[in-house]
Amino acid sequence: MTDELERRLRESLHAYADLVAAAPEEQSPRVPARGPAARAPRRWRGALLAAAAAVAVGSGSIWLVDGRDSTPSAGSASDARVSAGLPESDSQAPAAAPSEGASADDRALASVPVVGVGYSVDLPTHCGVRGADVGGIWFAADPPLVEAGGPPAGWGDPVQPGTLTLLTADEAVFADAVGHSVRLHADDAARPAACE
Amino acid sequence: MLVALGAGEAGAVDQRVAVGAEWDDALIDLYRAQRLPLLRLAVLLTDDPGVAEDVVQDAFLALQRRWHAVDPAAAGYLRTSVLNGVRTLYRRRGVARRHLHATGPRDDAPSADLAVLLSEEQREIVAALRTLPRRQREVLVLRYWSELSEAEIAAALGVARGTVKSSASRGLASLQKHLGDRRDR
């Protein structure tokens with residue numbers, strides 16, 4: 002019976018997948034550009050803006066905001082990864098101020114975190130110091146600091162204010178005013194279950 | 357509550373990153389070779405070609421950002437990136453749906469359902485697959501479409517092999533029950 006089910010499942014999955022045909026015009030990736038016209042449409046953009054900001058702590062996400070602009074750099078789930086994730090080759094100028102008339106997308110791209118710059122953050126700690134989602138990339142604490150399902154004594158709960166600094170594209174360090182210091186490494190495979 | 361605030365003191369820019377990565381020929385070749393299978397994987401997990409396309413594009417953008425540090429034969433990296441992208445998307449969509457009370461038409465409505473083009477039996481299977489918990493569906497798709505081993509699935513999903521085994525077993529049992537129930541009606 003299981004063999005028969007496996008056969009049918011395999012056949013159905015292949016038939017379903019084969020319905021996705023190659024698009025001949027898609028022979029190269031869409032390189033992100035500093036203009037909305039060149040960006041892929043993000044149909045969920047508007048729906049996520051307010052809610053994502055409201056639950057940033059709960060989801061363990063860190064949203065980086067350019068110091069010159071109070072608009073969150075996360076225009077959408079995907080933009081968040083671009084804007085607050087690893088530095089891009091075209092983003093090495095330290096968070097350049099957007100030009101006059103720049104779109105929201107331009108401002109988001111302008112606030113890409115830069116290696117070596119310290120960003121004030123509230124590190125989520127409610128389920129322990131496990132790491133943080135920096136714009137869609139999970140940076141795991143090394144080592145994680147978890148005691149009885151929460152942060153060790155002396156840490157804030159649900160968050161600990163401090164400064165997050167990217168040391169390289171894959172390494173970061175969190176430090177705060179009371180002497181806590183945690184190294185973090187980009188490791189999406191280590192992303193833990195959501196903290197309830 | 358928005359947690360992050362303005363930039364603090366500036367420091368030196370790391371040169372390894374400052375070099376950056378361009379869309380060189382190897383990356384373009386990888387895109388041409390992997391885009392379609394990744395797109396199909398994402399559709400099998402999301403049922404939405406539009407969303408799948410975005411997830412795959414994001415996976416390549418993530419790869420481009422760390423192209424200097426990733427094995428050029430990065431199919432495994434890309435697959436995991438797509439899986440994480442789908443997971444992140446649905447987690448955030450779930451959050452949005454819980455917190456938003458939209459009065460207008462939803463702008464995250466799925467694209468046209470490709471599955472209507474399948475045979476009746478295949479549609480039944482796909483419909484049953486859609487009822488499974490996310491993890492079980494991921495495991496079954498990776499096992500029976502990507503043809504990955506238990507160990508490869510465990511690595512791709514970042515879970516133990518035992519979890520893969522139990523998820524596959526439960527998923528198949530649920531499919532069997534779902535299909536049986538439909539026949540009994």
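Taken in order, these protein sequences are the chains called C and X.
Going by this note's numbering, the first sequence opens with residue 2, and the numbers climb by one from there.
Going by this note's numbering, the second sequence opens with residue 357, and the numbers climb by one from there.
Where is the CB? At the ideal position from N, CA and C, for every residue including glycine.
### Task
Figure out for me which residue from Ala-178/C, His-181/C, Leu-185/C has the closest Cα to the Cα of Leu-168/C.
Leu-185/C
### Sheet register partners of Leu-185/C (DSSP bridge)
Ala-142/C, Ala-173/C
### Task
Flag this pair as yes or no: are the beta carbons of Asp-189/C and Trp-139/C separated by less than 8 Å?
yes
### Task
Can you tell me the Cβ-Cβ gap for Gly-441/X and Ala-415/X, rounded? I've got them flagged as a contact below 8 Å.
6 Å
### Query
Who are the near neighbours of Arg-493/X in its chain, counting only those whose CB is closer than 8 Å to its CB and skipping five residues on each side?
Leu-401, Leu-485, Arg-486, Gly-527
### Query
In chain C, what lies closer than 8 Å to Gly-432/X by C-beta?
Going along chain C, no residue has its Cβ under 8 Å from Gly-432/X, so there is no contact; the nearest lies around 11 Å.
### Task
Identify which residue in Gly-163/C, His-127/C, Thr-164/C, Tyr-17/C has its Cα closest to the Cα of Glu-476/X.
Tyr-17/C
### Query
Who does Gln-161/C pair with in a DSSP beta bridge?
Leu-124/C
### Task
Please name the residue or residues paired with Glu-503/X in a DSSP beta bridge.
Glu-503/X is not bridged to any residue.
### Query
Secondary structure at Asp-134/C, three-state DSSP: helix, strand or coil?
strand
### Message
Which residue marks the beginning of the alpha helix (DSSP H) containing Pro-193/C, and which one marks its end?
### Response
Looking at the DSSP string, Pro-193/C is not in any alpha helix (DSSP H), and its letter there is neither H nor E.
### Query
Can you tell which of Leu-419/X, Thr-519/X, Ala-511/X, Arg-499/X has its C-alpha closest to the C-alpha of Leu-397/X?
Arg-499/X
### Within 8 Å, strictly: CB atoms of Gln-478/X and Leu-6/C
no
### Message
I believe Cys-196/C touches Pro-125/C by the beta-carbon criterion, under 8 Å. Please report the beta-carbon distance rounded to the nearest angstrom.
### Response
7 Å
#### Entry: Contacts that Ala-382/X makes with chain C (C-beta to C-beta distance below 9 Å)
Simply none; closest approach about 13 Å.
### Task
Determine whether the Cβ of Ala-190/C lies closer than 8 Å to any Cβ atom of chain X.
yes
### DSSP state of Gly-150/C mapped onto helix, strand, coil
coil
### Query
How close, in whole Å, do the beta carbons of Val-497/X and Ser-523/X come, if the pair is a contact with beta carbons under 8 Å?
No, Val-497/X and Ser-523/X are not in contact; Cβ-Cβ is about 11 Å, not under 8 Å.
#### Entry: Three-state secondary structure assigned by DSSP to Gly-129/C
strand
### Simplified DSSP state of Gly-119/C, which is helix, strand or coil
strand
### Query
So, is the C-beta of Gln-492/X closer than 8 Å to a C-beta in chain C?
no
### Coarse secondary structure for Leu-488/X, derived from DSSP in three states
coil
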